[in-house]
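Enquirer: Submitted below is the structure of interest, expressed as structure tokens.
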Amino acid sequence: MKSTVLAATSLFTLALAAPCFAQQTSSTTDAWRLPHQRGFWGHAGISFGRSELNISCPAATPCDTKDQGFRLYAGGRFNNAVGLELGLLNIGKFTVAGGDVDGWGADIALVAGVPIGSNSAIFGKLGVIYGRTEVSFAVPGILVAGKERGLGPRIGVGAQVGLTPNWALRGDWDRFHMKFPGSKEDVDTLMVGVQYTFR
């Protein structure tokens, strides 16, 4: 966990610093800046992919901590390099010790990136998620049956590849630290999807 947070934080810091470095070595329209969007709410998209609950399952019990999830998101930029993104996440449904575990969340993240070409970029994300989770069957020493909700940190990295000036393919890896009945656990997602940028 510490190494993942360190790596994501380092990438995020690099993404924040890159525009400043580029401004010293080139013009204000240089390639280090993300493509400009029309207005603040400049992009929206949807992504699908794998979600995984990072939890240790009791021995000799039915356990499946991977499922499919999806995320809807929309965002904008304060300038051409740094922005804000809001998302709605469904983590899917997991099986732990024969019981069901599922949940969803709404997240907000500061996003900073380095463009590659006119509509492609790599970026880092740092923010919080408000999650709601439910466990149908108690797992002694790990989870209790019931519902839980609350705030937790979220980190991530991603990249987009432009197909047209408006449309892009996007891939994201994110880690959400969510509250579950009886514990706090990480949920990792690896998703791909499409993004539309308003210009």
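Under my numbering, the first residue of the sequence shown carries the number 0, and numbering increases by one thereafter. All C-beta atoms in this analysis are idealised placements derived from N, C-alpha and C, irrespective of residue type, glycine included. Small disclaimer: the values here were computed from a predicted structure and weren't measured.
Between Lys183 and the rest of its own chain, which residues show a CB-CB distance below 8 Å, the 5 nearest in sequence each way excluded?
Expert: If we look at Lys183 and ignore the five residues flanking it on each side, its Cβ neighbours are Gly151, His176, Met177.
Enquirer: Using CA atoms only, rank isn't needed, just tell me which of Thr94, Gly97, Ile107 is closest to Leu71.
Expert: Ile107
Enquirer: Can you grab the Cα-Cα spacing for the pair Gly74 / Gly112, in whole Å?
Expert: 13 Å
Enquirer: Which of helix, strand or coil does DSSP assign to Val113?
Expert: strand
Enquirer: Once the 5 residues before and after Ala137 are set aside, which same chain residues still bring their CB inside 6 Å of it?
Expert: Val143, Ala144
Enquirer: Exposed or buried, what is Thr163 when buried is set at 16 or more other beta-carbons lying within 10 Å of its beta-carbon?
Expert: The residue is exposed, with fewer than 16 neighbouring Cβ atoms inside 10 Å.
Enquirer: With H, G and I counted as helix, E and B as strand and the rest as coil, what does DSSP make of Leu162?
Expert: coil
Enquirer: Return yes when the Cβ of Ser46 is within less than 8 Å of the Cβ of Arg174, no when it is not.
Expert: no
Enquirer: Checking 8 Å against the spacing of the C-beta atoms, do Gly104 and Ile128 come in under that value?
Expert: yes
Enquirer: Put Ser119 into one of helix, strand or coil per three-state DSSP.
Expert: coil
Enquirer: Rounded to the nearest angstrom, what separates Ala158 and Ile115 at their Cα positions?
Expert: Cα to Cα, Ala158 sits roughly 10 Å from Ile115.
Enquirer: Taking the alpha-carbon positions, what's the Thr188 to Leu85 distance?
Expert: 16 Å
Enquirer: For Arg131 and Phe197, what's the separation of their Cα atoms in angstroms?
Expert: Rounded to the nearest whole angstrom, the C-alpha separation of Arg131 and Phe197 is 31 Å.
Enquirer: Does Gly82 come out as helix, strand or coil in the three-state DSSP assignment?
Expert: strand
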